[in-house]
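J.: Just passing along the structure, written as structure tokens.
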Amino acid sequence: MLIQLTVRVASIIQRRDSARLRELLTTIACRARPAAYEETNAIKEQVLTASPECRGNDACLTRSITIALLCRLRGRWPSWCVGVSLTPPFTAHAWVEAEDRVVEDILLVGDYRTFYKVEAGRSSRSAARP
């Protein structure tokens, strides 16, 4: 039930434009401790099991925000990342990382360049180079 509620919250907040979404998640991540990889991966598995709308390549934004919010409810925060494809056609993807590792993702994140990330207890920073 908590997962379904969190999915609904994620679905609502993801409708914000990217700058406001980033700002909101940065505020939520403030004062959180970094999430551990195993804990984050376990939460991801629970989300995928309980929520069909979080499965599949086109569900990355909802899935990643849901995982991050559930971690935050435990006082933790994974790095929430958004990236763009390195080769055409242009695609965007969102995922989470913990302990500097991608938490098992459906897509090969190595095919994406991190555009920005929201980390625990920090303001968001751009990974894009000028």
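Numbering (this note's numbering), first residue to last: 30 to 159. Glycine included, C-beta positions come from ideal geometry on N, C-alpha and C. Computed from a prediction, not measured in an experiment: that's the story for all the values here.
1) Any idea what DSSP makes of residue 139, helix, strand or coil?
2) Hey, would you say residue 61 sits closer than 7 Å to residue 109, going by beta carbons?
3) Restricting to Cα atoms, I'd like to know which of 55, 140 and 100 is closest to residue 192.
4) Quick check: what's the CA-CA separation for residue 144 versus residue 113?
5) If you drop the 5 nearest sequence neighbours on each side, which residues of the same chain put their C-beta closer than 6 Å to that of residue 73?
6) If you run the structure through DSSP and keep just helix, strand and coil, what is residue 81?
T.: The structure says:
1) helix
2) no
3) No statement about residue 192 is possible, as the shown extent of the chain runs from 30 to 159 and does not include it.
4) 7 Å
5) 96 and 132
6) helix
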